[in-house]
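Chains as they are written, first to last, in this note's numbering: chain A, -19 to 290; chain B, -19 to 290.
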């Protein structure tokens, strides 16, 4: 029953979860092209031993950073509609992101209620990208709606180790989210291994001290095949250690350099979480829209899956 | 000619240097016991394929940190006297540290002049442990004395990646030291891999931009077999990443945990420097006076030597 293996792994706070994440096509894409993209994507991912697919919900986020966005923001198809309308060939679960600030309460509540009945949908509710942005629904309110309208819908949250490095309380935010019904966590793109290990360590021992079972953390890895992608990672708030940013800029083959580094980070996190007894998994995404990076991401996912299953 | 291999490797800015460092016995030690310690030490190290031995010069350093020193400060024998009087059986070079602030100019000049004639002595001149401490001779003045009295005596300097993390200019300090005659660098104990790689990267590219050959950097590794040693590392200004400090405190076998971590750091630095084309070496020391940690340090040096020579 691979259809339910993701849900049960997460419900039982097990590790070993392998995900791949995609952004739905741009809203302006012609319908026949959307169909084609969906077919290519499912074909590309069918050969991987994934537990599920993440569908991102893209928000403008221009408030995040006054700097110009290295890749332009273009509105994308609704991830749930993309799933329903075009991913019929994908027979494994999907984790649908929701940038809750975009939605009015009744719409979000209706979507949560309708998804609760499905056996192949999970969701991750994401708060606003800055504290000052006006929101239609706050993350806290969205989590309440989940509890009221769809408590059975598996709920996840985002964790950001860069935030932990700055404020030192991300592990406590995780515990709070857990109290509000979150059963798993998905990280922002990881390039700073130290900060990620600090966060996992603090979270693990805070759970131990509170007598709580730690929930799985799924680490997101993403290749960086060009200086432009490096800029975009920076714009997104991902901290690439200075030595590695330099190495990527100097490299004649940054895609290969970042592949080596992503694998090294995955190996290290795997060993670290295994020693701790911390449930974990991986998610591979491509923050870039370049074809070479997307194809290399599929290969990276294959290698990380082998590592995870070994 | 193993007697001269250390000097020529360093003179030619080659890597592959493997050192072990010891602190001379306490000044209060009975002479026959000093002899015995020297014999045991030489016996312990003879089986290792070292390029040389570092003899530390211990300064009080109570100015470094208002906190109580976890291991008491006890005056130790002069490293040069210990070498002359007791290390006759050691037939490889020694790197003699000099905390220059302790010495009056004429004494330092006389020692430098007398050592320049020896073919088995190198020196590392170390500045004061804080900016406010009154010194008899400043580091800058000591480097001038070296140029005047003993320019042929191979001269090294200390590098501290924690200082780079705070001020971001340690690589420029390295270039300045290099202009003043330093031909190699020995790091403080490394536990923060990221910061160390940032420093090496900045130094390497600053050399490239200036058209200068980078000088070898020798990375110091030290085991941490107990919470007390961890405290001492902290007192010395060594930054152990929080996740690792926690793991060491929680470990039922911190000596083994730190051994695994030291080897992992060494492997990573080796791969990183090799990719860059940066000459490097290793130095193993034991900051602790505990027998188990000293013995395990010998084993670590054996493993690191194998790694370096492989």
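The beta-carbon is built from N, C-alpha and C at its ideal position, and this holds for glycine as well.
Would you mind sorting residue i into buried or exposed? The rule is 16 or more other CB atoms within 10 Å of its CB.
i	result
residue 194/B	buried
residue 117/B	buried
residue 110/A	exposed
residue 257/B	exposed
residue 304/A	The structure shown does not extend to residue 304/A, since chain A is modelled only from -19 through 290, so no value can be given for it.
residue 192/A	exposed
residue 284/A	buried
residue 266/B	buried
residue -8/B	exposed
residue 26/A	exposed
residue 61/A	exposed
residue 156/A	exposed
residue 39/B	buried
residue 232/A	exposed
How far does the alpha helix (DSSP H) with residue i in it extend, from its first residue to its last?
i	result
residue 154/B	150 to 159
residue 12/B	11 to 26
residue 133/A	Run containing residue 133/A: none; DSSP gives neither H nor E here.
residue 61/B	59 to 66
residue 176/A	173 to 190
residue 252/B	234 to 256
residue 48/B	That residue, residue 48/B, is in no alpha helix (DSSP H); it is neither H nor E in DSSP.
residue 227/A	222 to 230
residue 216/B	207 to 216
residue 297/B	No information on residue 297/B is available, as it lies outside the stretch -19 to 290 that chain B covers here.
residue 96/B	85 to 96
residue 123/B	119 to 129
residue 285/B	271 to 289
residue 142/B	141 to 147
Measure the CB-CB distance between residue i and residue j and report whether it falls below 7 angstroms.
i	j	result
residue 92/B	residue 145/B	no
residue 173/A	residue 71/A	no
residue 160/A	residue 123/A	yes
residue 242/A	residue 213/A	no
residue 69/B	residue 14/B	no
residue 37/B	residue 83/B	no
residue -14/B	residue 164/B	no
residue 180/A	residue 136/A	no
residue 228/A	residue 203/A	no
residue 133/B	residue 96/B	yes
residue 215/A	residue 177/B	no
residue 308/A	residue 287/A	Nothing in the structure corresponds to residue 308/A, since chain A is present only between -19 and 290.
residue 79/A	residue 115/A	no
residue 151/A	residue 182/A	yes
residue 6/A	residue 56/A	yes
Could you list which residues in chain B have their beta carbon closer than 7 angstroms to that of residue i, in chain order?
i	result
residue 185/A	226
residue 174/A	174, 221
Between residue i and the rest of its own chain, which residues show a CB-CB distance below 6 angstroms, the 5 nearest in sequence each way excluded?
i	result
residue 30/B	-2, 0
residue 199/A	167, 170, 249, 262
residue 273/A	203, 205, 266
residue 244/A	none
residue -6/A	259
Just to confirm the assignment, what range does the beta strand (DSSP E) spanning residue i have?
i	result
residue 197/B	197 to 202
residue 291/B	Outside the modelled stretch of chain B, which goes from -19 to 290, sits residue 291/B, for which no answer is possible.
residue 294/A	For chain A, the structure presents residues -19 to 290; residue 294/A sits outside this window and is missing.
residue 166/B	164 to 169
residue 101/A	101 to 106
residue 265/A	260 to 265
So residue i contacts chain A; which residues on that side make the cut at Cβ distance below 8 angstroms?
i	result
residue 181/B	222, 223, 226, 227
residue 178/B	221, 222, 223
Identify, in the order they occur along the chain, each residue of the same chain with its Cβ nearer than 8 angstroms to the Cβ of residue i, setting aside the five sequence neighbours on each side.
i	result
residue 211/A	50
residue -17/B	The predicted position of residue -17/B is uncertain, since its pLDDT is 43 and thus under 50; a value taken from the coordinates is nonetheless stated next. If we look at residue -17/B and ignore the five residues flanking it on each side, its Cβ neighbours are 71, 72, 73, 99, 100.
residue 16/B	none
residue 58/A	4, 37
residue 125/A	85, 88, 89, 92, 117
residue 220/A	171, 172, 204, 210, 213, 214, 228
residue 271/A	none
Which same chain residues, not among the five before or five after residue i, have their C-beta less than 7 angstroms away from its C-beta?
i	result
residue 239/A	203, 276, 280
residue 269/B	51
residue 119/A	80, 105, 107
residue -12/A	none
Quick check: is the beta carbon of residue i nearer than 7 angstroms to any beta carbon in chain E?
i	result
residue 223/A	Absent from the structure is chain E; the protein chains it does hold are A and B.
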